[in-house]
Amino acid sequence: MLGVVKQHQPAENSVADVNNYCTVSSILPMEDQPALLRTMPSDSMDDIELKNIQLQFPTARTLSRDDTNTTEEQVMTEKGSILVAIQGDRRKPAIMSFHDIGLNYIANFQAFFNYIDMRALLENFCVYHVNAPGQEEGAPALPEDYIYPTMDELADMLNIVMAHYNLKSVIGFGVGAGANILARFALNYPNKVECMCLINCASTQAGWIEWGYQKMNLRNLRAKGMTEGVRDYLMWHHFGKGTDERNHDLVEVYKQYFERHVQPVNLALFIDSYIRRSDLSISRETDPGKKNDNTLRMSVMNITGAFSPHIDDTVTLNGRLDPTNSTWMKIQDCGMVLEEQPGKVCEAFRLFLQGQGYGKCVTPQ
């Protein structure tokens, strides 16, 4: 019996009870001792915790319009109308977002900007989500004679959007192709951009490998629509390597999105403009008197994911920026950072905005 007592690890407040049990156990017969154990006080914390557990069933991830706080409007430009979705109080400081290829503002930003910590931050900002022509949800195929805007022309469209909404300056937030467009806009209109968060941003021309793969994608999109090969390339572009080993549900959502909700002809036009992009022609200047002449003048947060295929692009961009006002960040365990690690990106963005003088706006409550 003493062996049984030694194996029991009592809580501090039950030492006296165990001692009493040891005393009584030497008197009671063996068959009565289990009944005595059941009547002893015990630490029931585990039972209390189990009783207080409430099962939480996550809502299904969707890529469709379900945010009643977002207003969609059409803005006319020289290249036709573009969709701008506005989220937040228009009297607040403006954030302008631009999406990547294969996506639109819903598929690229809806989940992130509705993330609980991000919603709290956005109570003090207004987001203007700009969509490239023909990339919005349910868009019809663009006319055959439509000449799609170049990357520089897409950047100039942002100036028209700002004039339409009477915006003096914005905070840029772009991913992939959208990040490249925002960088071009910032180079042409440096006084209209306060700062930028660029994710997977390329600052150079498309390489031969990218050019070759995308040319095959263009041929398939125009002739056959969204083929399995195009879908797999888009999955690699956004999630990087090892997608099958990560969030299975999220991967399936995006596979279905590419197959069912992307207008293939319009996507082909956008991809064609992206792979024809010119070099940003920026460089890091060591002369303090000229450091703002050849690079982005505003503060830049340059983000990528550890599994992203665009790490080298972000490293190249980082080497061309002024180190005194730029930050490079690689987030672990993800490729599509806004979907896989929204909490880390939100926290980094909040601290970045604090550093730009928005302390009162972004201080957590």
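Here the sequence shown stands for residues 29 to 393, numbered as in the numbering used here. Each residue gets a CB set at the ideal place from its N, CA and C atoms; glycine is no exception.
Query, Result
"Which of helix, strand or coil does DSSP assign to GLU40?", "At GLU40, the pLDDT of 47 sits below 50, so the modelled position is not reliable and the matter cannot be decided from this model."
"Helix, strand or coil for THR1? Go by DSSP, reduced to three states.", "Residue 1 falls outside the range modelled here, since the chain spans only 29 to 393, and no answer is possible."
"Here's a check: name, in chain order, each residue in its chain whose Cβ is nearer than 8 Å to the Cβ of GLY371, leaving out the five neighbours to either side.", "TYR143, ASP145"
"Could you check which residue in ASP117, GLY204, PRO171 has the C-alpha nearest to that of ILE339?", "GLY204"
"Enumerate in chain order the residues of its own chain whose CB-to-CB distance from TYR176 is below 6 Å, with the five nearest sequence positions on each side excluded.", "LEU297, SER301"
"Apply the 10 Å Cβ neighbour rule to LEU83 and answer buried if 16 or more other Cβ atoms are within range, or exposed otherwise.", "Confidence is the limiting factor: at LEU83 the pLDDT is only 43, short of 50, which leaves the residue's position unreliable, though a coordinate-based value still follows. Exposed, because fewer than 16 other Cβ atoms sit within 10 Å of the Cβ of LEU83."
"So the beta strand (DSSP E) TYR156 belongs to, where does it begin and stop?", "154–158"
"Roughly how many whole angstroms lie between the Cα atoms of ILE359 and ALA207?", "17 Å"
"Go through the segment 262–343 residue by residue and report every complete run of the alpha helix (DSSP H) that reaches 4 residues or more, in order.", "276–288, 292–303"
"From SER354 to VAL328, what does the alpha carbon distance come to, in whole angstroms?", "5 Å"
"From ALA148, ARG147, LEU186, pick the residue whose C-alpha is nearest to that of LEU111; which is it?", "LEU186"
"Measuring only the C-alpha atoms, how far is ARG274 from LEU366?", "15 Å"
"If we call anything under 8 Å between Cβ atoms a contact, is LEU249 one with VAL293?", "yes"
"At a cut of 8 Å, does the segment 149–161 reach the segment 123–139 through at least three beta carbon pairs?", "yes"
"Enumerate, from N- to C-terminal direction, the unbroken alpha helix (DSSP H) stretches of 4 or more residues contained entirely within the segment 153–203.", "179–192"
"In chain order, what residues of the same chain lie with their CB nearer than 7 Å to the CB of CYS362, ignoring the 5 residues before and after it?", "GLY333, ALA334, PHE335, GLU368, GLN369"
"Given 7 Å as the limit, tell me if GLY240 has its C-beta closer than that to any heavy atom belonging to the ligand ADP.", "Looking at this structure, you won't find the ligand ADP or any other ligand, since it has none at all."
"Applying the 10 Å Cβ sphere with the 16-neighbour rule, what's the burial state of ALA214?", "buried"
"Hey, GLY116 and PHE153: beta-carbon distance below 8 Å or not?", "yes"
"On a CA-only basis, which of GLY383, ASN97, ILE303 is nearest GLN245? Give me that one, please.", "The residue you asked about is not Gln; residue 245 is Asn in the sequence shown. When only C-alpha atoms are compared, the closest one is ILE303."
"What did DSSP end up calling GLN102 once you bin it into helix, strand or coil?", "strand"
"Using 10 angstroms around the beta-carbon of SER309, count the other beta-carbons present and answer buried if the total reaches 16, otherwise exposed.", "exposed"
"Of the residues TRP264, VAL155, HIS289, THR255, which one's Cα is nearest the Cα of TYR193?", "VAL155"
"Can you give me the C-alpha to C-alpha distance between ASP173 and GLY166, rounded to a whole angstrom?", "20 Å"
"Report the start-end ranges of each beta strand (DSSP E) in the segment 196–245 that is 3 residues or longer and not cut off at the edges.", "198–203, 221–227"
"For ILE144, which three-state DSSP category applies?", "helix"
"In whole angstroms, what is the alpha-carbon distance linking ALA251 and VAL290?", "15 Å"
"Short of 7 Å in beta carbon distance, which residues of its chain neighbour ARG348, apart from the five on each side in sequence? Order them along the chain.", "SER231, ILE310, SER311, ARG312, THR323"
"In angstroms, rounded to a whole number, what distance separates the CA positions of LYS120 and GLY253?", "41 Å"
"Roughly how many angstroms lie between the CA atoms of GLU181 and HIS276, to the nearest whole one?", "38 Å"
"Rounded C-beta distance between ALA183 and ASN216? I'm assuming under 8 Å.", "6 Å"
"Any idea if LEU462 is buried or exposed, counting beta-carbon neighbours within 10 angstroms, 16 or more meaning buried?", "There is no way to answer for residue 462, as the model of the chain reaches only from 29 to 393."
"Going by DSSP, what residue range makes up the beta strand (DSSP E) through PHE137?", "Element bounds for PHE137: n/a, residue is neither H nor E."
"In the DSSP assignment, find the alpha helix (DSSP H) that holds GLY108 and state where it starts and stops.", "GLY108 -> not in any alpha helix (DSSP H); beta strand (DSSP E) instead, spanning 108–116."
"Compute the Euclidean distance between the alpha carbons of ASP260 and ASN228, then round it to the nearest angstrom.", "18 Å"
"With a cut-off of 8 Å on the beta carbons, I'd call GLY202 and LEU226 a contact; round off their distance for me.", "6 Å"
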